[in-house]
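Below is one structure; the comments refer to it alone.
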């Protein structure tokens with residue numbers, strides 16, 4: 001599913017114009033990015049959490065030059081689904097026919 005598909009489905013189910021749904025989704029995405037960028041996590045009850053994870057400093061390898069390089073510690077965004085979300089996906093995926101996966 002793409003963003004355009006999501007906008008269409010929400011618009012059909014709610015009766016809200018597609019433009020308004022798109023603006024709302026874009027605003028949500030922007031706010032999540034801004035909040036994570038400022039160092040805070042975002043919690044959506046029943047859906048999940050958008051969190052910041054710290055990656056420790058480590059030694060990597062530059063493949064073409066065959067040299068060891070130091071990768072500094074850094075932070076990355078991550079999503080942790082809520083238990084309700086996980087359970088619903090598990091239940092629905094097990095109900096699908098084997099060729100639909």
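Residue numbers (my numbering): 1 to 101. Built from N, CA and C at the ideal position, the CB exists for glycine as well. Remember, predicted model here, so these are calculated numbers, not experimental data.
By Cβ distance below 6 Å, which residues in the same chain neighbour residue i in space, the five residues on each side in sequence not counted?
| i | result |
| --- | --- |
| residue 58 | 71 |
| residue 65 | none |
Starting from residue i, trace the alpha helix (DSSP H) both ways and give me its first and last residue.
| i | result |
| --- | --- |
| residue 48 | Residue 48 -> not in any alpha helix (DSSP H); beta strand (DSSP E) instead, spanning 48-55. |
| residue 10 | 3-14 |
Thinking C-beta only, is residue j closer than 9 Å to residue i?
| i | j | result |
| --- | --- | --- |
| residue 49 | residue 80 | yes |
| residue 82 | residue 52 | no |
| residue 73 | residue 54 | yes |
| residue 35 | residue 44 | no |
The beta strand (DSSP E) that contains residue i, what's its start and end?
| i | result |
| --- | --- |
| residue 37 | That residue, residue 37, is in no beta strand (DSSP E); its alpha helix (DSSP H) goes 18-37. |
| residue 77 | 74-81 |
| residue 61 | 58-62 |
| residue 70 | 67-71 |
Leaving out five residues before and five after residue i in sequence, what residues of the same chain have Cβ atoms less than 8 Å from its Cβ?
| i | result |
| --- | --- |
| residue 63 | none |
| residue 85 | 46, 47 and 48 |
| residue 61 | 67, 68 and 69 |
Ordered along the chain, which non-local residues of its own chain (more than five positions away) have a Cβ less than 7 Å from that of residue i?
| i | result |
| --- | --- |
| residue 22 | 7 |
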